[in-house]
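Same order as they appear, the protein sequences are chains A and B. Letter by letter, the first sequence follows residues 43 to 188 of the working numbering. Letter by letter, the second sequence follows residues 1132 to 1300 of the working numbering. For every residue, glycine included, the Cβ atom is placed at its ideal position computed from N, Cα and C. Values in this document were obtained by computation on a predicted structure and should not be read as measured data. Structure first, then comments.
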Amino acid sequence: MSKSFALMASFIVCFVSLQTALAFTPKNPEIQGVLAELAKESKAKDPAFTEFSAERGKTFYFFEHTDSAEGDKRSCATCHKSDPMLPSKHAVTGKKIDPLSPKVQRDRFTKAAKVEKWFRRNCKWTLERECTSLEKGDFIEFIYSL
Amino acid sequence: MLNRALSLMVLAAFGLTGTSALADGSVGQKGFLKPVTDAQYLEECGSCHFAYQAELLPKRSWEKMLSNLHDHFGDDASLEGPGLEAVKAYLLNNAGETSNSKRAIKLLQSTGDKTYLRISDIPYFKREHHEISPATLARPAIKSWANCAACHPDAAKGNFEEEYVKIPK
């Protein structure tokens, strides 16, 4: 009796931890390094900074900027879709873009230089400026929170 | 005798003009461009748009484009260091002037003395696509001249032959 109870209990523990594993994508060392660096920069700019926020990141992700040259509205979702778990298309060229979420696309956010490069390129197209370290950190936390 | 000569001529003509594409639509024929194999070019340029074969533009066009990547048709595609060098090496070593492909040669010839940045502005490209209406181009599955593979399914293999074209509805 107690044996079967123990077996059942261990099943439940396994099931719960599996669910947690599926719901939570652990951050690899590369992205942890990127976030630590971004946090350092954010703290230097604003001593009141404590941590990045997925909630702020979500607002940032959907924020629409009107392009000064073309007059169209642009946000992260223009190319990456409102659901970053799904594949999407480049707004201008129509080229397929793999899902942004590391939960679906395992090689996302695994190379610091690549993360930095794409922030540089895409922030300029979307917002006509570079993103701040706070925005980048919040953005990453938002993507990981999905 | 005359009949035999005629049929030989017909055979010869077929031999010359018969379909030049391999069954799987892959490389090795006169009209075909060399498929891109350069990993860094595929990564740096092919992430945002079709990885155009270097043969599609002359050297002078690639040089001009690479000198202004921070404003790449309104997009920031800036590259630095080894990435830029690798992309440059691929493009210049395989530019239009080096091509044996009949289509690349026609493209190059029709550039005249101009330095085009958009392949779709080159007169030969325009002639070959004159029957594509703006409405067709605007279809969601096509969207842009940049999206070669939308209508040329084997574009990445360097195959732009007309008999392989499939225009999405």
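Under 7 Å Cβ to Cβ from residue 1209 of chain B, same chain only, skipping five residues before and after it: list those, please. 1200, 1201
For residue 165 of chain A, the first and last residue of its enclosing alpha helix (DSSP H): Counting along the chain, the alpha helix (DSSP H) containing residue 165 of chain A begins and ends at 154-169.
Mind pulling the alpha helix (DSSP H) runs of 4 or more residues that sit fully within the segment 1164-1196 of chain B? 1170-1175
Using 8 Å as the Cβ pair cut-off and three pairs as the minimum, do the segment 102-117 of chain A and the segment 71-81 of chain A touch? no
CA-CA distance, residue 1198 of chain B and residue 1282 of chain B? Residue 1198 of chain B and residue 1282 of chain B: Cα-Cα distance of roughly 30 Å.
Residue 1163 of chain B: which of B:1187, B:1171, B:1176, B:1172 sits nearest, CA to CA? B:1187
Closest Cα partner of residue 74 of chain A within the set A:141, A:94, A:134: Measuring from the Cα of residue 74 of chain A, the nearest candidate turns out to be A:94.
Is the CB of residue 1278 of chain B under 7 Å away from at least one CB in chain A? yes
From the DSSP output, read off the bridge partner residues of residue 116 of chain A. DSSP lists A:107 as the bridge partner or partners of residue 116 of chain A.
Count Cβ pairs between the segment 1217-1231 of chain B and the segment 1257-1269 of chain B that sit closer than 8 Å; are there 3 or more? no
Coarse secondary structure for residue 131 of chain A, derived from DSSP in three states: The three-state secondary structure of residue 131 of chain A, taken from DSSP, is strand.
What would DSSP say about residue 88 of chain A, mapped onto helix, strand or coil? coil
Residue 1255 of chain B, enclosing alpha helix (DSSP H) - first and last residue: 1254-1259
Would you verify that the beta carbon of residue 1260 of chain B is, or is not, closer than 7 Å to some beta carbon of chain A? no
First and last residue of the alpha helix (DSSP H) that includes residue 1235 of chain B? 1233-1241
Using a beta-carbon distance below 7 Å, is residue 116 of chain A in contact with chain B? No, no contact with chain B.
Own chain residues within Cβ distance below 7 Å of residue 1156 of chain B, not counting five before or after: For residue 1156 of chain B, the predicted structure reports a pLDDT of 43, less than 50, and the residue's modelled location is therefore unreliable. A value from the coordinates is still provided. Cβ within range, chain order: 1285, 1288, 1290, 1295.
Pair within 7 Å by beta-carbon distance, residue 186 of chain A and residue 108 of chain A: Against a cut-off of 7 Å, the Cβ pair of residue 108 of chain A and residue 186 of chain A comes out as no contact.
Where does residue 1203 of chain B fall in DSSP's three states? strand
Short CB-CB distance (under 7 Å) between residue 107 of chain A and chain B: Residue-level contact check: residue 107 of chain A does not touch chain B, since none of the beta carbons of chain B fall below 7 Å from its beta carbon.
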